[in-house]
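Residue numbers (my numbering): 379 to 871.
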């Protein structure tokens, strides 16, 4: 590396020297060079300042801090190990539980991340995965001050955490409305990558509404601004220096930046933070439905113009949706005055709404639009909010190759099928059949075919003998809930 650098400097010096010699030759042979000419040459320099993010960075950077995480060394119990095994006694002696025997220990662990000051009195936003399991947290400001920090609360379902330091008059960042961001907006990512110290990168918002990490509630902003390990919990700011997101994750084969990073929108982070600070927990709403995306094939079956919306596969008895009049087979296309793009979007919208409030819900039922009033219920820890079901991964298939039978006490016990579920039990599915490709599996119960109830195996056979256009719409009970499947035999014939 040094030799290369030296060679570059040498080459530069020769070039400069050559230019000096030529210039000297011209100066020696010319008598027309005057002070006025030199002055004119100097005036050719453009006095206008360059375009730069420097003023913005100077204003915003103090709001982004380094977070040092320490997990203390811990004794570990060797549970699950057969202490009578000769190999165990070889390494640990005849009685590994004797007093005074040194226990197994996990070493202390250290990590680093980032956080953003969001209030002058010491509240900071970061990621749950930055502080999860930490025994000690230290926050280092850009001016060199260090503070012990404590965890106010975490929300693993969104990967948001709030921490607090005992300080006043801190440089809090301004918050933007992340819903107003658009693809193409210029952004800066500020954080502590690889524990190098504060680093600033630039890029644009390259997509919105991403769901990539398998969290319960995801609505990530995607950016090509370089984000690397250690940036987690740092700030994604707009061109006015306002916080629009908390940097969270990247997609990478190498562990480093490859141009695809994700940030939690600040609107989501702010709502989680408010709940954690005020109540010590996050309150979310619940409507009591099992939903799935509307595929093109399902859209055709339900007389929809497009695939937008969330298809209700099951309505929980006695829940808010049931009380409002929602039924299995309804497609929710609007919630609380806003269009519903898909099941993930509805799930997120419901969770963000205020428990106890009443909202309008627009549905499509049998091709007709209807508006219902739905009173939201606060989610209990034992409830699952609008969990997305299987989406019928392929819109191909048929019931050819499917063996069905009647439900019996034995088969109900074998497949854990509730007593109130009626229909035809799927006994076998040919792996080469289109039905298998449509995600129909052994143990599923076909409850309805083309909106007609199935009482048993005989009904299932009759209802699929003369399917129009060789297509059948199945309502299927599977793994504790119901969903819809389109079985299309036309491509197999």
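Here a beta-carbon is modelled for each residue, glycine too, at the ideal position from N, C-alpha and C.
Worksheet item: If you compare alpha carbons, which of 795, 848, 786, 516 is closest to residue 813?
Response: 848
Can you give the beta carbon distance from residue 641 to residue 624, rounded, assuming they're within the 8 angstroms contact cut? 6 angstroms
Going by C-alpha to C-alpha distance, which of 599, 787, 606 sits closest to residue 621?
599
For a test of the three-state rule: what should DSSP assign to residue 821, helix, strand or coil? coil
(message) Give the list of continuous alpha helix (DSSP H) stretches no shorter than 4 residues that lie fully inside the segment 644–691.
(response) 644–657, 674–679
- Task: List the endpoints of the continuous beta strand (DSSP E) containing residue 566.
- Result: 564–569
I need the straight-line Cα distance from residue 520 to residue 573, nearest angstrom please.
13 angstroms
Inset, instruction - Compute the Euclidean distance between the alpha carbons of residue 608 and residue 529, then round it to the nearest angstrom. - result: 18 angstroms
Open item on the list: If I follow the unbroken alpha helix (DSSP H) through residue 799, where does it start and stop?
Closed with: Run containing residue 799: none; DSSP gives neither H nor E here.
Quiz prompt | Segment contact, 8 angstroms Cβ cut-off, at least three pairs: the segment 685–697 with the segment 705–712 | solution = yes
Does the segment 748–755 touch the segment 649–669, meaning 3 or more C-beta pairs lie closer than 8 angstroms?
-> yes
- Just the C-alpha distance for residue 799 and residue 505, rounded to the nearest angstrom, thanks. 42 angstroms
Worksheet item: Which value, in whole angstroms, describes the spacing of the CA atoms of residue 508 and residue 491?
Response: 6 angstroms
### Query
Taking Cβ positions, are residue 568 and residue 439 nearer each other than 9 angstroms?
yes
(request) Please name the residue in 823, 783, 808 whose C-alpha comes closest to that of residue 836. (result) 783
If I measure Cβ to Cβ from residue 703 and keep anything under 8 angstroms in the same chain, skipping five residues before and after, which residues do I get?
750
Under 8 angstroms by Cβ, that's how I've got residue 823 and residue 841 pegged, so tell me the actual separation to the nearest angstrom.
In fact, because the Cβ distance is near 14 angstroms, the residues do not count as touching under 8 angstroms.
What are the boundary residues of the alpha helix (DSSP H) that residue 848 is part of?
Run containing residue 848: none; DSSP gives neither H nor E here.
Problem set entry | Beta-carbon proximity check, residue 669 vs residue 639, cutoff 9 angstroms | no
Item to complete: Would you please state the rounded distance, in angstroms, between the beta carbons of residue 531 and residue 658? I believe it to be under 8 angstroms.
Response: 6 angstroms
Item to complete: Look at the Cβ atom of residue 714, then the Cβ atom of residue 729, and state whether they are nearer than 9 angstroms.
Response: no
Ordered along the chain, which non-local residues of its own chain (more than five positions away) have a Cβ less than 8 angstroms from that of residue 590?
596, 598, 627, 629, 640
Quiz item: When the Cα atoms are used, what is the spatial distance from residue 550 to residue 523?
Solution: 15 angstroms
Check: Three or more C-beta pairs closer than 8 angstroms, one from the segment 715–725 and one from the segment 673–682: is that the case here?
Finding: no
### Residue of 543, 843, 592, 450 minimising C-alpha distance to residue 493
543
inquiry  = Could you give the first and the last residue of the continuous beta strand (DSSP E) run that contains residue 602?
reply    = Neither: residue 602 is in no beta strand (DSSP E) and is coded neither H nor E.
(request) Buried or exposed for residue 476, please, with buried defined as at least 16 other CB atoms from any protein chain shown within 10 angstroms of its CB. (result) Residue confidence for residue 476 is low, a pLDDT of 44 falling below 50, so the modelled location carries little weight and cannot support an answer.
| query | Terminal residues of the continuous beta strand (DSSP E) containing residue 738? | reply | 736–743
Discussion item. Quick check on residue 832: does DSSP put it in helix, strand or coil?
Written reply: coil
Review point. Would you call residue 556 buried or exposed, if buried means 16 or more other Cβ atoms sit within 10 Å of its Cβ?
Key: buried
Quiz item: To the nearest whole angstrom, what separates the beta carbons of residue 447 and residue 512, a pair I think is in contact under 8 angstroms?
Solution: 5 angstroms
When you compare only the Cα positions, how much space is there between residue 859 and residue 805? 18 angstroms
message = Rounded to whole angstroms, what is the Cα-Cα separation between residue 796 and residue 864?
response = 24 angstroms
Review point. Which value, in whole angstroms, describes the spacing of the CA atoms of residue 793 and residue 738?
Key: 38 angstroms
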